[in-house]
Every structure is written in structure tokens, then in C-alpha cells.
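Going left to right, the sequence shown walks through residues 6 to 138 as my numbering numbers them. Report on one structure; see the data block that follows.
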Amino acid sequence: MDEEKRIQEMDTEIQAMAPICKEVTDVVTKGRRGKKPLGICTIHGNEDNTQINRKRARLRERKAKQELRLARIENMILDVEEYINEIPDSETRRMMRFFFIEEKTWNEVAEAMGEGFTGEACRKKINRELDKK
Numbered sequence: 006m007d008e009e010k011r012i013q014e015m016d017t018e019i020q021a022m023a024p025i026c027k028e029v030t031d032v033v034t035k036g037r038r039g040k041k042p043l044g045i046c047t048i049h050g051n052e053d054n055t056q057i058n059r060k061r062a063r064l065r066e067r068k069a070k071q072e073l074r075l076a077r078i079e080n081m082i083l084d085v086e087e088y089i090n091e092i093p094d095s096e097t098r099r100m101m102r103f104f105f106i107e108e109k110t111w112n113e114v115a116e117a118m119g120e121g122f123t124g125e126a127c128r129k130k131i132n133r134e135l136d137k138k
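Dropping the structure here:
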């Protein structure tokens, strides 16, 4: 969340800095033959944008790092789901799905499990299962 906010702020800064395609021109002499100039030439170019280019590069780096983190998190989620699916007891499997995947509180897990379950009992059952591994 914090990284997303930083990326958004940096993107906003870049938008505010964005050049309005300012063209820079200069008139120079083509050289001299003795004291006489060989002619003049007008040179056209764009304003130096190194500062905005640096910010854009940093923004691309941040976005790439964020994508890597998200990919790692997705892999971890898949690992957790695989672990849960391998648990032979369906009751424990359901509790783990509610708690770890759906991110419910222990009381919400107990409520989802139905009558006869308490949040504390669900927590203890899951802790015992995790202690086995």
C-alpha cells in the first residue's frame, strides 16, 4: 500500500514536471575564412529534460520492483493454498481457508464453521495442525 502511494505521488510529480515541448534555437556561424564568416546556421533542439528523465527511470524501477513483489506474493498464496489442500481433515482445511485465504478473524471463522465452534477453539485447532509441520 505504501509503495503504491509512493508510485502514485511520483507519477503526479512527473505529470507536473512534463515539458510542453519547448524548442530551443540558436544561431551559429559555420566557420570563418580569415575574418569573413562562411555563413550562419540556425540550430533547433529540445530543452534539456534530464531531471524528468531521471524521475521517469526511478518510477519504472519502482514499478518493476512492485511487480516482482506481487509475483512473489502470488506464489506464496499458491503455496499456502496447496498446503491447505493437502490437509486430510476437511474441517481443518475449511478453517484454514477462512482464516488464511479469506482473512477472517477467529470469531468470523467460528461463525462460518457453524454451531458448536468458538474462535478460540478454531485458533487452537489450527495451531495444533501447524505445530505438526
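Idealized CB from N, CA, C, for every residue including glycine.
Alpha-carbon to alpha-carbon, residue j and residue i
| i | j | result |
| --- | --- | --- |
| valine 33 | lysine 40 | 15 Å |
| arginine 98 | aspartate 7 | 32 Å |
| lysine 151 | threonine 123 | Nothing can be reported for residue 151, as the shown portion of the chain is limited to 6 through 138. |
| lysine 70 | glutamate 107 | 26 Å |
| glutamate 134 | alanine 115 | 16 Å |
| threonine 30 | arginine 38 | 25 Å |
| lysine 35 | threonine 47 | 10 Å |
| glutamate 96 | arginine 74 | 32 Å |
| arginine 102 | lysine 137 | 18 Å |
| aspartate 147 | asparagine 132 | Examination of residue 147 is not possible in this model, given that the chain is present from 6 through 138 alone. |
| glutamate 28 | lysine 68 | 31 Å |
| glutamate 9 | methionine 100 | 31 Å |
| isoleucine 12 | arginine 63 | 10 Å |
Residue i in three-state terms, based on DSSP
| i | result |
| --- | --- |
| glycine 124 | helix |
| isoleucine 92 | coil |
Residue i classed as buried or exposed, judged by whether at least 16 other C-beta atoms fall within 10 angstroms
| i | result |
| --- | --- |
| cysteine 127 | buried |
| alanine 76 | exposed |
Cβ of residue i within 7 Å of any chain C Cβ
| i | result |
| --- | --- |
| isoleucine 45 | This model lacks chain C altogether, as it is built from one protein chain only. |
Query raised in the report: Would you call the stretch 112-123 and the stretch 84-95 in contact, with 3 or more CB pairs under 8 Å?
Result: no
Report task. Take every Cβ of the stretch 109-116, pair it with every Cβ of the stretch 69-80, and state whether three or more of those distances are shorter than 8 Å. Result -> no
Query raised in the report: So does the stretch 8-21 actually touch the stretch 57-67, counting three or more Cβ pairs closer than 8 Å?
Result: yes
Requested in this report: Any chance you could list the alpha helix (DSSP H) runs of at least 4 consecutive residues sitting entirely within the stretch 52-107, in chain order?
Outcome: 55-90, 95-101
Requested in this report: Only counting runs of 4 or more residues, tell me where the alpha helix (DSSP H) segments fall wholly within the stretch 6-47, in order along the chain.
Outcome: 7-22
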